[in-house]
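The letter at position 721 of the sequence shown is residue 1085 when you use the numbering used here, and the numbering goes up by one with no holes.
Cβ atoms here follow ideal geometry from the backbone N, Cα and C, with glycine treated the same way.
In what follows, a single structure is set out as structure tokens and then discussed.
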Amino acid sequence: MAPLEGLSDAHAILLATHLCASGDVADLPVLRARYPHCFPLERLLRIVLTFLPESTEPSLYVPVLLELTSGSSSVPSDQDIDTSAVRDLSETAARKRVRKLRLQPLKRDDEEEEVEASDALTQFVIHRAHLIDIETSLQPLILDLVLPFYVHSPVIRTWLISSLLPALRLNYEYYPNRDETISLETLEFMSDQVAVNVLLSISGSERTNMDLVNNLRGLIGPWLYGSKRSKRRRLNETARRNSISYIQGTPKSEPTEMAGWEYVNEWLFSRSLVDYDSVVNAFTNWNGPEDTDLGGYEETEAKIPSDTAKILLSRYCQSGLAVVYAHADSSNAAMQGSCQVLDRVARLLGLEEYSYLDSPELALPSVNYDASLISSTSRVSLLQNSLLARDNPLTQPSPSSVSFLSAVLLSLRILTGLGHLVPCRLVANICLHSNEETQLAELNNLMASMIKKPRSKQEWQEVRQQLLWLRDWQPEQSDNGWDEPSTHHGLFWRISRDTIETELLKALLGAQEYQLAVDLYTQSEPAPLDRKQVEEAVVEAFFEAYDNASNGNRTRGGMKRAYDILQAFQPHYPDSVSLKQINSLIAATHSLSFYALTLQHGVPFQPVSIRVHHDPLSLIEKVLDQNAKSYTKLDDLLSIGRNLISSGLSTNPASSEAEPETSQEPLSEQDALVTAERRITSLAISSALTSNDFGTAYSYILTRLAPPSLLSTSSPLLTPPSIPDDISWRAVYHAGRYRSTTPNPSTPLQSQISHLSQRMELLSLALALVPSPDPLPEILGAWRRCDEEMSSLRAREQTEEDAWDNKGDTLSSVPGGFGPSDVERDAFDTEQQRAARRARARVPNSQHEAPMGLFEVARGAAMALHKNAFPLRAAAGHGAESVDERPLSPDGEGRVRKRDLVSNMVTGGLASGIGWVLGAEPVNR
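Spelled out as structure tokens, the structure:
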């Protein structure tokens, strides 16, 4: 060690730099005491700032700094210092080196105004802290440097709390295992909005819900403590100027300490859309802007004025209400979280009495709020970007907003319990902005969800009370009556109570609670609905089940439910026309289910096809087409047709096609029944003919379609209706023209004659049934062709008989024969004479100008029909001639014979219309 004598000022300065570079700063006070004119405080601090290594423990030089800044030194001025590092330097060399020194300024570039105006030590500490962070990233060393000075310097205290403390907690306390750390410089160059997004979004590898709470209390709180710093204000102003909201002319922001917390509220709101649980936990465990952890470095922890604190708390609570409205999840867990947020907001605002979430479900509360204020909102108020608006009545903290949202959440709890999951915002929208139709649609959706879960009778009673409470949020009946809109604005306040009871009745039927529905709505006193309303609801529920059925069998699926509904209520409504029609519809549908039936484009038959079809009777035609031998079950098909008529469905095939301008009076039920039976019988006859079953078609005509004047049987089908019959004659005429599609050449001649005779009978019957003269020429033409064919067959028959007789005459040529006896020869001669007469009859008579078949056709047809249709009458003891010669009764009494009917038709004025078919008029004209 050597004394300091002989050292120049340049040597002293170089010695100070050497002591700092070597980390031995303990001698700096001695050096300054010996050369006070060379070492003013600012220069000495700059030398330390420039040459002292940043990794040096602050405990080694902080006491020296305190001694230098205090102005009093206890070190003797004659203390020896090692000067070997500079003693050998010449004065010139020393001065040259001093001139080359580049000392760090105490004030950093772009430093804050507060730091610039502070003392040199404050500037040194903050600059030294940044150098340590840049060079070593050992931020705990910075804390050791700053702690001895923050008490005496408000600038250092503010910087410590708002910059250093968030960095230390982020990098070393909360998330020590993060791969990346945030430097002081990076942190200080963040605006409030960026810092909020960064500090709140950071989470650890083992993320917990408390991460967000810790970040709010320990990172954001300290960070926003320094919001008044000049540098922070400049960054925030630049960020707002570049933001979209600022460009669009957003009103001037709040004071600086409030603007940062607005970003926090917006972040919590946005975060709730993707991580609802953590935000719920934040609202549950964090009390708002005043709940900050400043590490004990501030005496009062948060210096927020009372008025500002009240506004900040109100805005924080408003963000909580907005979070509840914006959440789209409607699960039980999410609903519980929403209830926790609202309960916390109510407690922070001191509005616990306006929250009904603690009420048991069986004790539904009476909700009261300012309906004029809440209902004045528009649909825009529920949009995501409007929920945080200061003037939004739904989220602005008040007794009405808390009461309304509490009722919404309680309604949401009930809806969730009933199996109907909807978001909170939709419930509020239904209550405030939906019309009656929309509310009714939502009520129907609720009923559809509700019936999926089986419930006991007691549970259904509770469900009914809950539904009535949802109407107006009142536990008791309103004074304005059941069938009027409620004066209280509940969830379904636009729907009358009768409508809710009706929908509940249909829900009970949909849930197959038939006996409970009967007991509640037909047996209870006073009845919730009148009988007419109950009947209409039952009919509607029946058709809903009927239309959704996929099989027509009443013992399966939807048809069984529909049939059970009818069975439950029909005894209580014995005179109900609707239920009687429903009974007929079920019977018809059930019978149709036993036939294979496919509609157009391969669509299988469903019960609803009957109701939507413009002509349900045409389905029977499809049954006949698609089911072989189904025409043999005519009685079953007729029963289906009668039930379709009795069900009240339209069965007019021309109702949707022909002449819409012509207004036709509806048929009476009896006329409709007769017409339907004739139509079905006609379809069965056509199906039998298509299947080459002429015998069945022939029997159906004689027993079902022939008029009672010709038949001894009688039935409702044969009773003449009050409308013209344009169906029966067509079926008869079609059968009369029938020819087998697969003729058999080996058919016996007698069978052919018999078949042709039956066809001629049918053509004669068609003449009697035709309602207008227009088709007569066509029918008689067909009859004439059959007559010609009959003549041909008769001639062929006679030829065969003659051949057989001739063969019998040759018996005498047989060896041992004795020839015919006298009796045999007499019979043979008689037959020969008859053959001669028939041959002469076949020779054309030149005296006739026209064929004589016109009258013979009608006469023969009537006689043939008389003999074949009524064989027992021929044996009644009256000869053919005496019967045929009996005249018609002038007053219409007595039975009109078929022959007389045909003769009168031909000779009474219709001959002129069919003369062209026969070629000329009779000779006697």
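Shown here, T522 sits in a helix according to DSSP, grouped into three states. Restricting attention to I584, F647, H936, N645, the CA atom closest to the CA of M622 is found in I584. P968 is bridged by DSSP to T962. At a Cβ-Cβ threshold of 8 Å, S1104 and N1056 count as neighbours. Residue environment for Y536: exposed (fewer than 16 other C-beta atoms within 10 angstroms of its C-beta).
Y733 is a Cβ neighbour of S764, given a cutoff of 8 Å.
Shown here, I584 sits in a helix according to DSSP, grouped into three states. Taking all protein chains shown into account, Q838 has 16 or more neighbouring C-beta atoms within 10 Å of its C-beta and is therefore buried. Boundaries of the alpha helix (DSSP H) harbouring T433: 422-434, taken from the DSSP string. Check the Cα spacing between D444 and each of Y1064, P393, L632, Q487: the tightest is with P393. Short of 7 Å from the beta carbon of N809, and not among the five residues preceding or following it, lie these beta carbons of its own chain, in chain order: H784. Apart from the 5 residues on each side of it in sequence, Y910 sits with its Cβ closer than 6 Å to the Cβ of A926, P971 in its chain, given in chain order. Using a C-beta cut-off of 8 Å, the region 691-709 makes no contact with the region 546-557, since fewer than three inter-stretch Cβ pairs fall below that distance. Per DSSP, R463 is one residue of the alpha helix (DSSP H) stretching across 455-464. In summary, G854 is buried, with 16 or more beta-carbon neighbours lying within 10 Å of its beta-carbon over all protein chains present.
For F1058, the enclosing alpha helix (DSSP H) covers residues 1058-1064.
Relative to L1113, the option among K816, P1141, Y1102, M1154 whose CA is nearest is M1154. No residue range can be given for W857, since it is assigned to no alpha helix (DSSP H) and is classified by DSSP as neither H nor E. Ranked by how close their Cα comes to the Cα of L685, the residues F633, Y661, A646, L658 have F633 in first place. Taking C-alpha positions only, A951 is separated from H965 by approximately 27 Å.
Between F403 and L416 the beta-carbon gap is near 15 Å, outside 8 Å, which marks them as no contact.
Scanning its chain for C-beta atoms nearer than 6 Å, with the 5 sequence neighbours on each side dropped, one finds around W650 the residues V577, L580, in chain order. The shortest CA-to-CA distance from Q487 to any of S527, E544, L409 is the one to L409. Rounded to whole angstroms, the Cβ separation of I1087 and T1163 is 50 Å, and the two are not in contact under 8 Å. Apart from the 5 residues on each side of it in sequence, A881 sits with its Cβ closer than 7 Å to the Cβ of L869, L872, L873 in its chain, given in chain order.
Nearest to S860 by alpha-carbon distance, out of V903, N541, V766, L804, is L804.
Residue environment: G714 is assigned as exposed (fewer than 16 neighbouring CB atoms within 10 Å of its CB, all protein chains considered).
Excluding the 5 residues flanking it on each side, S948 has same chain C-beta neighbours closer than 7 Å at N1007, S1010, S1011, in chain order. For I566, no alpha helix (DSSP H) encloses it, and the DSSP letter there is neither H nor E. At the C-beta level, L1069 and A1095 come within 8 Å of one another. One alpha carbon belongs to E1125, the other to A992, and they sit about 28 Å apart. For T1106, same chain residues with a beta-carbon under 8 Å away, outside a window of 5 residues either side, are N1056 in chain order. Inclusion of L599 and I566 in the CB contact set at 8 Å is not warranted, their separation being larger than that value. Leaving aside the five residues that flank A1099 on each side, the residues in its chain whose CB is nearer than 7 Å to its CB run, in chain order, I1049, L1053, A1061, Y1062, I1065, L1126. Where Q830 is concerned, the enclosing alpha helix (DSSP H) starts and stops at 821-836. Of the other Cβ atoms in all chains shown, 16 or more fall within 10 Å of the Cβ of A690; this residue is therefore buried.
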